[in-house]
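Enquirer: Mind having a look at this structure? Questions to follow.
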Amino acid sequence: MTPSSDKIPVSVLIPAKNEELNLPACLDSVQRADEIFVVDSQSSDRSIDICKEYGVNVAQFYFNGSWPKKKNWSLENLPFRNDWVLIVDCDERITPELWDEIAERIQNPEYNGYFLNRKVFFLGKWIRWGGKYPDWNLRLFKHQCGRYENLNTEDIPNTGDNEVHEHVILEGNVGYLQEDMLHID
């Protein structure tokens, strides 16, 4: 992708493996970003073909069973051209209203990151109760200021190659966005 004046100066990071069913809607929702990286773990479905159709950057991550996992590896190794990075899972969507808020809020020099609230849907229904809403996650931050914590899960079977329960540790002030990110299960 090449920079465009109508794009928002944010680099999107999407961890993926065999996500051909989720990738098109996810990629559609992040097209306002100046740069998109899909970090793949050797998908065997059409994920890479879909990424090529969208013209996004693809990097392969080969997990060796120890730290770092996929997101921290990406933060350390990808050549982001923007200060701000937005972490989006394949089953998540960024709404136009959220993009508008992101475009405005990243202009504030007092903050190095923002929590986004995930609005979780299951079988088409919003799960508002049961501890699923609000569901705040630090997903938008200046990539040089944040890294995922190491929970030392390397010896625990089936913890995978991606930071799921780890949280971002960020230097500097953090704010909260008003618009929700959609999580579609």
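Going letter by letter, the sequence shown gives residues 848 to 1032 in this note's numbering.
C-beta atoms are modelled at their ideal positions from N, C-alpha and C, and glycine is treated no differently.
All figures in this text were calculated on a predicted structure; none of them were measured in a lab.
Suppose the cutoff is 7 Å on Cβ atoms and the five residues either side in sequence are ignored; what does the same chain contact list for tryptophan 973 look like?
Expert: Sequence index remark: in the sequence shown, residue 973 carries index 126 (1-based). Once the five neighbours on either side are set aside, the close Cβ partners of tryptophan 973 are Lys966.
Enquirer: Just verifying my parser: in three-state terms, what is the DSSP assignment at lysine 864?
Expert: Position 17 of the sequence shown holds residue 864. Lysine 864: coil per DSSP, three-state reduction.
Enquirer: One question on the structure: do leucine 922 and alanine 906 come within less than 8 Å of each other, judged by their Cβ atoms?
Expert: Along the sequence shown, read from residue 1 onward, the residue named residue 922 stands at position 75. Along the sequence shown, read from residue 1 onward, the residue named residue 906 stands at position 59. In this structure, alanine 906 does not lie closer than 8 Å to leucine 922 by Cβ.
Enquirer: Since asparagine 959 and glutamate 882 should fall inside the 8 Å C-beta cutoff, what is the C-beta to C-beta distance between them, to a whole number of angstroms?
Expert: Position 112 of the sequence shown, counted from the first residue, corresponds to residue 959. Position 35 of the sequence shown, counted from the first residue, corresponds to residue 882. In fact, because the Cβ distance is near 19 Å, the residues do not count as touching under 8 Å.
Enquirer: Closest by CA to glycine 1022, which one among Gln954, Ser858 and Leu868?
Expert: Indexing the sequence shown from 1 puts residue 1022 at position 175. The shortest Cα separation from glycine 1022 among Gln954, Ser858 and Leu868 belongs to Gln954.
Enquirer: So the candidates are Tyr901, Trp920 and Gly902; which of them puts its Cα closest to the Cα of phenylalanine 908?
Expert: Position 61 of the sequence shown holds residue 908. Ranking the options by Cα distance to phenylalanine 908, first place goes to Trp920.
Enquirer: Below 8 Å on the Cβ atoms is my contact criterion, and I expect alanine 872 with valine 859 to pass it. Report the Cβ-Cβ distance as a whole number of Å.
Expert: Position 25 of the sequence shown, counted from the first residue, corresponds to residue 872. Position 12 of the sequence shown, counted from the first residue, corresponds to residue 859. With a Cβ gap of about 14 Å, alanine 872 and valine 859 do not count as contacting.
Enquirer: Out of curiosity, what's the CA-to-CA distance linking lysine 917 and tyrosine 995?
Expert: If you number the sequence shown from 1, residue 917 lands on position 70. If you number the sequence shown from 1, residue 995 lands on position 148. Cα-Cα distance, rounded: 10 Å.
Enquirer: Per DSSP, what kind of secondary structure is valine 981 in: helix, strand or coil?
Expert: Taking the sequence shown and counting its residues from 1, the one referred to as residue 981 is at position 134. At residue 981 the sequence reads proline, which differs from the valine that was named. Coil at proline 981, not helix or strand.
Enquirer: Within 10 angstroms of the Cβ of arginine 975, are there 16 or more other Cβ atoms? Answer buried if so, exposed if not.
Expert: Indexing the sequence shown from 1 puts residue 975 at position 128. Exposed, because fewer than 16 other Cβ atoms sit within 10 Å of the Cβ of arginine 975.
Enquirer: Given this structure, state the Cα-to-Cα distance separating threonine 942 from isoleucine 934, to the nearest angstrom.
Expert: Translated into positions along the sequence shown, residue 942 becomes position 95. Translated into positions along the sequence shown, residue 934 becomes position 87. For threonine 942 and isoleucine 934, the distance between alpha carbons rounds to 14 Å.
Enquirer: Based on the DSSP secondary-structure assignment, which residues constitute the bridge partners of lysine 989?
Expert: The residue labelled residue 989 in the question sits at position 142 within the sequence shown. Bridge partners of lysine 989: Trp931.
Enquirer: Between the C-alpha atoms of phenylalanine 927 and proline 856, what's the straight-line distance to the nearest angstrom?
Expert: As a first step, residue 927 is located in the sequence shown; it is residue number 80 there, counting from the start. As a first step, residue 856 is located in the sequence shown; it is residue number 9 there, counting from the start. Their backbone Cα atoms lie some 11 Å apart in a straight line.
Enquirer: Give the straight-line distance between the Cα atoms of methionine 848 and asparagine 904, rounded to the nearest whole angstrom.
Expert: Taking the first residue of the sequence shown as position 1, residue 848 is located at position 1. Taking the first residue of the sequence shown as position 1, residue 904 is located at position 57. Residue confidence for methionine 848 is low, a pLDDT of 43 falling below 50, so the modelled location carries little weight; the figure read from the coordinates is stated next. About 7 Å.
Enquirer: Between which two residues does the alpha helix (DSSP H) carrying glutamate 1018 extend?
Expert: Working through the sequence shown from its first residue, we reach residue 1018 at position 171. Neither: glutamate 1018 is in no alpha helix (DSSP H) and is coded neither H nor E.
Enquirer: Quick one, are the C-beta atoms of alanine 1029 and phenylalanine 968 less than 8 Å apart?
Expert: Here residue 1029 refers to the residue found at position 182 of the sequence shown. Here residue 968 refers to the residue found at position 121 of the sequence shown. Here residue 1029 turns out to be leucine, not alanine, going by the sequence shown. Cβ atoms of leucine 1029 and phenylalanine 968: closer than 8 Å.
Enquirer: Among residues of its own chain, excluding the 5 on either side of serine 890, which ones have a beta-carbon nearer than 6 Å to its beta-carbon?
Expert: The residue given as residue 890 occupies position 43 in the sequence shown. Around serine 890: Lys864 and Asn865.
Enquirer: Of the choices Cys992, Asp1027 and Leu998, whose alpha-carbon is the least far from that of glutamate 1018?
Expert: Locating residue 1018 in the sequence shown gives position 171, where the first residue counts as 1. The candidate whose alpha carbon is nearest that of glutamate 1018 is Cys992.
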